[in-house]
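*Asks:*
There are 4 protein chains.
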Amino acid sequence: MNTGWTGGAAAVATLTFDVDAEAPILAHGHHYAEHASTMSHQAYGPDVGVPRILDLLDVTGVPATFFIPGWVAEARPGLAARIVARGHEVAHHSYSHRPPTGMAPGEERADFERGMEVFAAQGIEILGHRAANWEASWETATLVAEHGLLYDSSLMGDDRPYRVTTVAGGVTELPVHWSLDDWEQYAFLPSPHVGSVIESPRKVLEMWTDELDAMAQFGCLFNLTNHPFLTGRPSRAIVLRKLIEHAQERGDVRFMRCGDLARQAAADETLATRPHIPPAASPEVFPPR
Amino acid sequence: MNTGWTGGAAAVATLTFDVDAEAPILAHGHHYAEHASTMSHQAYGPDVGVPRILDLLDVTGVPATFFIPGWVAEARPGLAARIVARGHEVAHHSYSHRPPTGMAPGEERADFERGMEVFAAQGIEILGHRAANWEASWETATLVAEHGLLYDSSLMGDDRPYRVTTVAGGVTELPVHWSLDDWEQYAFLPSPHVGSVIESPRKVLEMWTDELDAMAQFGCLFNLTNHPFLTGRPSRAIVLRKLIEHAQERGDVRFMRCGDLARQAAADETLATRPHIPPAASPEVFPPR
Amino acid sequence: MNTGWTGGAAAVATLTFDVDAEAPILAHGHHYAEHASTMSHQAYGPDVGVPRILDLLDVTGVPATFFIPGWVAEARPGLAARIVARGHEVAHHSYSHRPPTGMAPGEERADFERGMEVFAAQGIEILGHRAANWEASWETATLVAEHGLLYDSSLMGDDRPYRVTTVAGGVTELPVHWSLDDWEQYAFLPSPHVGSVIESPRKVLEMWTDELDAMAQFGCLFNLTNHPFLTGRPSRAIVLRKLIEHAQERGDVRFMRCGDLARQAAADETLATRPHIPPAASPEVFPPR
Amino acid sequence: MNTGWTGGAAAVATLTFDVDAEAPILAHGHHYAEHASTMSHQAYGPDVGVPRILDLLDVTGVPATFFIPGWVAEARPGLAARIVARGHEVAHHSYSHRPPTGMAPGEERADFERGMEVFAAQGIEILGHRAANWEASWETATLVAEHGLLYDSSLMGDDRPYRVTTVAGGVTELPVHWSLDDWEQYAFLPSPHVGSVIESPRKVLEMWTDELDAMAQFGCLFNLTNHPFLTGRPSRAIVLRKLIEHAQERGDVRFMRCGDLARQAAADETLATRPHIPPAASPEVFPPR
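Chains as they are written, first to last, in full-length UniProt numbering: chain A, 1 to 289; chain B, 1 to 289; chain C, 1 to 289; chain D, 1 to 289.
Take a look at the structure:
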């Protein structure tokens with residue numbers, strides 16, 4: 001019996017953790033390496049947040065996917081392997097966490113391939129990719145297809161998995177969204193200036209629980225993105241646990257690793273294919289700035 | 001019996017949806033067309049949000065008004081017609097979604113007329129207009145009057161419909177307000193930088209329900225603006241449904257399309273006329289910057 | 001019996017309304033006069049907000065103080081007089097609403113005096129002053145003293161009235177604070193860019209009620225600042241009414257006009273005098289930028 | 001019996017108050033000394049906030065630590081001594097509150113030593129240090145070790161005390177975090193532009209109570225940072241009292257001064273040592289900006 005991409009569940013939940021460490025801050029400028037407080041703020045992610053989250057996933061019995069920039073995996077040998085050993089998926093999250101939309105031609109490819117090489121050298125099987133900052137270029141999906149990966153998770157064109165066609169073949173897109181990301185709720189740094197008000201974890205629990213329930217009603221993919229340097233903090237980790245337990249109590253939400261979901265989605269012939277080309281926007285109508 | 005612009009209701013509710021798609025982002029600069037994630041984030045509006053909202057309006061039995069930039073209607077042939085076929089009004093929302101206040105002389109007129117031509121070519125009857133970004137110039141209402149439209153919906157000089165006099169004749173203004181807009185609550189993009197914290201739909205439901213109840217007390221127009229790329233998301237759509245159901249349970253709030261309300265308001269001789277001229281502000285008192 | 005500046009109440013509440021209209025926006029640059037939507041957004045204050053607030057004050061029986069820039073009083077003849085006729089105080093809020101801290105030498109004095117002349121010409125008695133944007137210079141209080149006014153309401157050095165000594169004599173300060181201002185909660189404009197998230201009136205009611213209760217415990221001045229273009233909106237006006245009713249139900253909070261309070265405070269010999277001079281900050285320690 | 005750094009408690013709470021007064025504003029540029037409203041806003045901290053907080057600590061019987069910039073202690077002789085006389089610790093918070101990350105070589109050392117001299121001249125024993133803005137350089141901890149202090153409290157690499165090794169010897173780090181700071185919740189100034197929405201103290205109480213409870217579950221250091229010019233306001237002070245009372249009712253949270261905790265932590269041989277060196281970030285991977 002073919003039950004489609006959801007496997008018969010009301011909704012599928014993919015818990016994803018972007019283990020960015022220092023990379024997204026350094027991507028704002030190399031001099032941030034001199035900011036000891038900020039660097040320690042970022043190091044908290046792999047050093048304290050990841051172990052706490054791994055324990056939480058053990059206790060709740062839920063598999064997850066960890067997107068890691070190659071530079072982070074390289075700087076912390078053993079990090080990716082420890083995550084895989086706990087039963088989770090490690091996926092490609094660029095090499096340097098610089099956003100593709102800000103790169104010169106050729107740079108994105110080089111950065112992508114350097115990341116792939118790091119994971120290959122560490123013996124980590126890579127099934128999918130997520131663009132830094134969720135700022136994919138139109139080439140990003142092509143690189144994903146070209147390297148034989150199953151899925152990308154950087155676009156926002158739907159709230160269910162969909163197919164994207166590239167010159168190098170098809171890719172399954174597991175779409176993300178800013179409202180299912182802990183960054184906009186919790187992140188704060190004075191320099192580089194990031195964030196504004198820091199939100200209460202209870203607000204975040206309310207918002208994500210409501211979205212999960214609504215997604216179960218509409219048959220969607222609850223693709224949640226957390227950062228260990230943010231959600232690894234005590235009360236935020238507990239909120240994540242409460243969210244998982246809420247989903248488990250519902251009984252109709254299935255937790256999956258992204259790679260497993262991508263395989264299941266690829267087998268669903270009813271999956272929508274969404275156009276993947278720049279809008280036909282004339283510079284006369286929309287002038288350059 | 002003349003019951004005035006409200007038709008005897010305690011308040012009138014006009015649900016409006018600005019189907020902006022990629023246009024407001026491209027209006028920040030043509031190069032954003034290269035940002036695949038951001039473009040997909042915007043495409044979600046017409047592709048996923050609009051169908052979900054149309055279903056929601058069917059289920060609740062409420063008519064609505066969809067403001068569409070001409071460029072969006074052109075890029076997605078059939079979109080406007082499908083909305084009209086479901087019983088709703090389609091209205092003019094500029095051609096390019098560039099704000100009139102940032103245009104050179106003549107540009108606003110050209111943009112306005114190009115939008116009118118798109119809808120004419122698609123056989124869509126246009127009764128009213130809303131300026132991009134709610135950043136009308138003093139010429140905007142003149143263009144609306146000159147083209148024989150019934151109403152404009154871009155100003156904020158009252159919370160009840162009012163008359164505006166222009167050199168080309170009178171226009172009924174259906175005023176808007178930032179607090180009845182989903183953009184300030186939900187929008188977030190890193191580049192162009194849009195928004196800060198993303199709010200919980202429950203907060204938005206609370207705020208809009210309170211405003212609707214207060215408006216029923218004061219006899220106002222509850223002119224709500226939602227963007228399908230924002231409010232089309234699952235839990236936000238459900239909050240919109242709860243808001244509609246709250247209004248229906250009150251029993252004294254009437255849902256109308258903007259065009260129907262504009263006709264009813266035009267027949268109300270007690271409607272206020274508000275001055276529509278720039279303030280007498282000397283550059284000596286308020287220096288240019 | 002001398003009961004001090006509170007007159008024996010647990011706390012004194014001064015409701016103040018800054019009727020700024022278009023002035024604070026034009027102070028960002030003269031070209032904003034061309035922004036029709038924004039100008040209408042500001043005109044809502046005197047045109048719709050003020051009448052609604054005056055009715056609300058009548059119903060609750062509470063006297064208030066309206067700070068009006070001279071330019072606004074001039075542009076809307078009769079506005080100040082109508083407010084006075086309803087039993088409220090009108091006070092000086094600069095001429096142009098440009099902040100003193102941004103003015104060249106002499107400019108602040110000229111602006112201050114031009115405002116005084118407008119009110120004199122309209123026969124409005126002026127007892128006090130509030131600096132535009134609460135950005136007073138060290139000269140501001142001197143101007144207040146020199147013109148024989150009783151009080152200033154622009155500083156934040158205490159949460160009880162205090163004395164300030166200037167070369168032109170003493171002034172009673174009725175201190176303000178950002179947390180008792182509706183601007184940070186409600187204001188939003190895209191251009192000039194003002195505000196971020198728009199808050200729910202229920203949150204504001206909670207925050208201000210808690211502060212009023214705490215101030216009654218500590219014996220403070222609850223000096224609330226609202227802007228009619230913001231708090232004149234329906235559900236916000238209702239929240240203001242609920243706040244007033246909460247204070248009235250307490251029974252130990254006294255509502256006063258600022259001028260009446262300033263007289264009562266001036267007679268309190270125990271009132272603190274706070275230093276009113278720039279900090280001794282060497283440019284070697286704090287370099288110019 | 002060695003009960004480790006917590007002394008057997010479920011969590012340790014260090015209440016810390018950064019008595020910054022005008023310094024962090026002047027650090028944005030010397031000309032802010034001319035802004036009378038803003039200077040009074042900052043003076044409220046030592047003048048009104050500190051006495052209120054000292055009373056609150058007396059009533060609840062809790063010892064605390066006050067971090068004071070040397071310039072502030074110098075400008076207000078007796079301030080530090082009065083705090084010590086009430087049973088609290090005074091600690092070093094730079095001289096000028098300019099962040100080390102923005103300083104030229106040698107400047108940080110000079111600023112650090114000038115602060116030490118102020119406290120020495122006032123007979124205040126200094127046990128620890130906190131960098132201005134929590135923007136420590138990699139040299140900061142070295143300066144702390146070199147001057148024989150017990151602890152630093154500027155880094156964020158853990159939520160439990162940890163050891164940092166420097167060329168001048170070891171330092172105990174009592175880590176801080178943006179989410180346990182009142183600045184991001186309450187601070188607002190128009191110029192220099194600081195903050196956005198001002199949050200309700202009830203939200204802050206909820207968030208900090210939840211974090212305290214979660215930290216008691218994970219065995220962490222609840223290192224709370226408040227600023228008297230912010231949390232000294234009436235309803236915020238009451239919220240701080242409620243938080244303290246919540247912790248006291250739990251019965252398993254121990255309140256300590258930072259110096260006392262640092263001694264206890266230094267004696268815990270199981271305390272983690274975290275690396276304290278810049279990340280190996282090549283400028284080819286992360287270009288300068």
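Where a beta carbon is used, it is the ideal one built from N, C-alpha and C, also for glycine. Just so you know, these numbers come straight off a predicted model, no measurement behind them.
Kindly indicate if chain C contains any beta-carbon less than 9 Å away from that of Thr38 (chain D).
*Replies:* Position 38 of the fourth sequence, counted from the first residue, corresponds to residue 38 (chain D). Closer than 9 Å: yes.
*Asks:* Which residue or residues does DSSP assign as beta-bridge partners of Gly128 (chain B)?
*Replies:* In the second sequence, counting from the first residue as 1, residue 128 (chain B) sits at position 128. Gly128 (chain B) is bridged to B:Tyr151.
*Asks:* Tell me whether Arg114 (chain C) sits in a helix, a strand or coil according to DSSP, three-state version.
*Replies:* Locating residue 114 (chain C) in the third sequence gives position 114, counting from the first residue. If DSSP states are grouped into helix, strand and coil, Arg114 (chain C) belongs with the helices.
*Asks:* Going by Cα to Cα distance, which pick from D:Arg254, D:His92, D:Phe112 and D:Ser179 is closest to Leu224 (chain D)?
*Replies:* On the fourth sequence, position 224 is the one that residue 224 (chain D) refers to. Answer by Cα proximity: D:Ser179.
*Asks:* If you reduce the DSSP assignment to three classes, tell me which class Ala121 (chain A) lands in.
*Replies:* Start at 1 with the first residue of the first sequence, and residue 121 (chain A) comes out as number 121. In this structure, Ala121 (chain A) counts as helix in the three-state DSSP scheme.
*Asks:* At 8 Å on the CB atoms, spell out the chain A contacts of Glu199 (chain D), in chain order.
*Replies:* Within the fourth sequence, the letter at position 199 stands for residue 199 (chain D). Correct list: Val197.
*Asks:* I think residue 290 (chain C) touches Ser154 (chain B), with their Cβ atoms under 8 Å apart; what is that distance to the nearest whole Å?
*Replies:* Here chain C covers residues 1 to 289 and nothing more, so residue 290 (chain C) does not appear.
*Asks:* Can you name the residues of chain B whose CB is closer than 7 Å to the CB of Asn223 (chain A)?
*Replies:* Within the first sequence, numbered from 1, the residue matching residue 223 (chain A) stands at position 223. Those do not exist, as Asn223 (chain A) stays about 12 Å from chain B at its closest Cβ, beyond 7 Å.
*Asks:* Label Ala214 (chain A) either buried or exposed according to how many other C-beta atoms from any shown protein chain fall within 10 Å of its C-beta, with 16 as the threshold for buried.
*Replies:* Here residue 214 (chain A) refers to the residue found at position 214 when the first sequence is read from its first residue. Classification for Ala214 (chain A): buried.
*Asks:* Helix, strand or coil for Pro190 (chain D)? Go by DSSP, reduced to three states.
*Replies:* As a position in the fourth sequence, residue 190 (chain D) is number 190, starting the count at 1. Pro190 (chain D): strand per DSSP, three-state reduction.
*Asks:* Tell me the DSSP secondary structure of Phe286 (chain B) in three-state form.
*Replies:* Counting from 1 along the second sequence, the entry for residue 286 (chain B) is found at position 286. In this structure, Phe286 (chain B) counts as coil in the three-state DSSP scheme.
*Asks:* Below 9 Å between beta carbons: does that hold for Asp20 (chain D) and Phe229 (chain D)?
*Replies:* Position 20 of the fourth sequence, counted from the first residue, corresponds to residue 20 (chain D). Position 229 of the fourth sequence, counted from the first residue, corresponds to residue 229 (chain D). Result yes, Cβ atoms of Asp20 (chain D) and Phe229 (chain D) sit closer than 9 Å.
*Asks:* Against chain C, does Trp178 (chain B) count as a neighbour if the rule is that its beta carbon must be under 9 Å from one of theirs?
*Replies:* Looking up residue 178 (chain B) in the second sequence gives position 178. At least one chain C Cβ lies under 9 Å of Trp178 (chain B).
*Asks:* Taking DSSP as the reference, what is the three-state secondary structure of Arg76 (chain A)?
*Replies:* Translated into positions along the first sequence, residue 76 (chain A) becomes position 76. In the three-state reduction of the DSSP assignment, Arg76 (chain A) falls in the coil class.
*Asks:* Answer with yes or no whether the minimum CB distance from Thr101 (chain C) to chain D is below 9 Å.
*Replies:* Counting from one through the third sequence, the residue named residue 101 (chain C) turns up at place 101. Thr101 (chain C) counts as touching chain D.
*Asks:* Does Ala9 (chain A) come out as helix, strand or coil in the three-state DSSP assignment?
*Replies:* As a position in the first sequence, residue 9 (chain A) is number 9, starting the count at 1. Secondary structure of Ala9 (chain A) (DSSP, three-state): coil.
*Asks:* Write down the C-beta distance between Val90 (chain B) and Ile68 (chain B) rounded to the nearest angstrom, noting that I regard them as a contact closer than 8 Å.
*Replies:* Working through the second sequence from its first residue, we reach residue 90 (chain B) at position 90. Working through the second sequence from its first residue, we reach residue 68 (chain B) at position 68. Yes, they are in contact, since the Cβ atoms of Val90 (chain B) and Ile68 (chain B) sit about 6 Å apart, within 8 Å.
*Asks:* Among all the DSSP beta bridges, which residues are the ones paired with Thr140 (chain D)?
*Replies:* Here residue 140 (chain D) corresponds to residue number 140 of the fourth sequence, with the count starting at 1. In the DSSP output, where bridge partners are listed per residue, Thr140 (chain D) has none listed.
*Asks:* Taking 8 Å as the limit between beta carbons, can you name the residues of its chain near Ala33 (chain D), skipping five residues before and five after?
*Replies:* Locating residue 33 (chain D) in the fourth sequence gives position 33, counting from the first residue. Glu22, Leu26 and Met39.
*Asks:* Does Thr3 (chain A) come out as helix, strand or coil in the three-state DSSP assignment?
*Replies:* Looking up residue 3 (chain A) in the first sequence gives position 3. Thr3 (chain A) falls in the coil class under three-state DSSP.
*Asks:* For Thr231 (chain C), report the span of its alpha helix (DSSP H) as first-last.
*Replies:* Position 231 of the third sequence, counted from the first residue, corresponds to residue 231 (chain C). Thr231 (chain C) -> alpha helix (DSSP H) spans Pro228 to Thr231.
*Asks:* Return the chain-ordered list of same chain residues with a C-beta closer than 6 Å to the C-beta of Asp159 (chain A), the five sequence neighbours on each side being excluded.
*Replies:* Taking the first sequence and counting its residues from 1, one reaches residue 159 (chain A) at position 159. Contacts found: Cys220.
*Asks:* Looking at the structure shown, is His41 (chain B) part of a helix, part of a strand, or coil, going by DSSP?
*Replies:* Along the second sequence, read from residue 1 onward, the residue named residue 41 (chain B) stands at position 41. His41 (chain B) falls in the helix class under three-state DSSP.
*Asks:* Whole angstroms is fine: what's the gap from Arg202 (chain C)'s alpha carbon to Ile126 (chain A)'s?
*Replies:* Here residue 202 (chain C) refers to the residue found at position 202 when the third sequence is read from its first residue. Here residue 126 (chain A) refers to the residue found at position 126 when the first sequence is read from its first residue. The straight-line gap from Cα to Cα measures roughly 49 Å.
*Asks:* Of all Cβ atoms in chain D, is any one closer than 9 Å to the Cβ of Arg52 (chain A)?
*Replies:* Taking the first residue of the first sequence as 1, we reach residue 52 (chain A) at position 52. True, the Cβ-Cβ gap to chain D drops below 9 Å.
*Asks:* Hey, does Pro288 (chain D) have any beta-carbon neighbour from chain C nearer than 9 Å?
*Replies:* Numbered from 1 along the fourth sequence, position 288 holds the residue referred to as residue 288 (chain D). Not closer than 9 Å to any Cβ of chain C, the Cβ of Pro288 (chain D) fails to qualify, so no.
*Asks:* Ignoring anything shorter than 3 residues, give me the beta strand (DSSP E) runs that lie fully in the region 202-288 of chain B, in order along the chain.
*Replies:* Listed in chain order, the complete beta strand (DSSP E) runs (minimum 3 residues) inside the region 202-288 of chain B are 221-226 and 253-255.
*Asks:* Measure the alpha-carbon distance for Asp111 (chain D) versus Asp152 (chain D) and round it to whole angstroms.
*Replies:* Stepping through the fourth sequence from its first residue, residue 111 (chain D) is reached at position 111. Stepping through the fourth sequence from its first residue, residue 152 (chain D) is reached at position 152. Looking at the two C-alpha atoms, the distance is approximately 16 Å.
*Asks:* Quick check on the burial criterion: 16 or more other C-beta atoms within 10 angstroms. Buried or exposed for Asn2 (chain A)?
*Replies:* Translated into the one-based positions of the first sequence, residue 2 (chain A) becomes position 2. So Asn2 (chain A) counts as exposed.
*Asks:* Beta-carbon of Glu117 (chain D) versus every beta-carbon of chain C: anything under 9 Å?
*Replies:* Along the fourth sequence, read from residue 1 onward, the residue named residue 117 (chain D) stands at position 117. No, its Cβ sits nowhere closer than 9 Å to a Cβ of chain C.
*Asks:* Please tell me whether Leu189 (chain B) has its Cβ less than 9 Å away from any Cβ of chain C.
*Replies:* Here residue 189 (chain B) refers to the residue found at position 189 of the second sequence. Not one chain C Cβ lies under 9 Å of Leu189 (chain B).
*Asks:* Does the region 128-140 of chain D touch the region 11-20 of chain A, meaning 3 or more C-beta pairs lie closer than 8 Å?
*Replies:* no
*Asks:* Check whether chain B comes within 9 Å of Pro175 (chain A), counting only Cβ atoms and requiring the distance to be less than that.
*Replies:* For the purposes of this step, residue 175 (chain A) is identified with residue 175 of the first sequence, where counting begins at 1. For Pro175 (chain A), the answer is yes, since a Cβ of chain B falls inside 9 Å of its Cβ.
*Asks:* Going straight from the alpha carbon of Val72 (chain D) to that of Leu243 (chain C), what length do you get?
*Replies:* On the fourth sequence, residue 72 (chain D) is found 72 positions in, with the first residue counted as 1. On the third sequence, residue 243 (chain C) is found 243 positions in, with the first residue counted as 1. Approximately 38 Å between the Cα atoms of the pair.
*Asks:* Using CA coordinates, which residue listed in A:Leu212, A:Ala141 and A:Ala262 is at the minimum distance from Ala10 (chain A)?
*Replies:* One-based indexing of the first sequence puts residue 10 (chain A) at position 10. Per the Cα distances, A:Leu212.
*Asks:* According to the neighbour-count rule (16 or more other Cβ atoms, all chains shown, within 10 Å of its Cβ), is Pro287 (chain C) buried or exposed?
*Replies:* Residue mapping note: residue 287 (chain C) aligns to position 287 of the third sequence, counting from 1. Pro287 (chain C) is exposed by the Cβ-count criterion.
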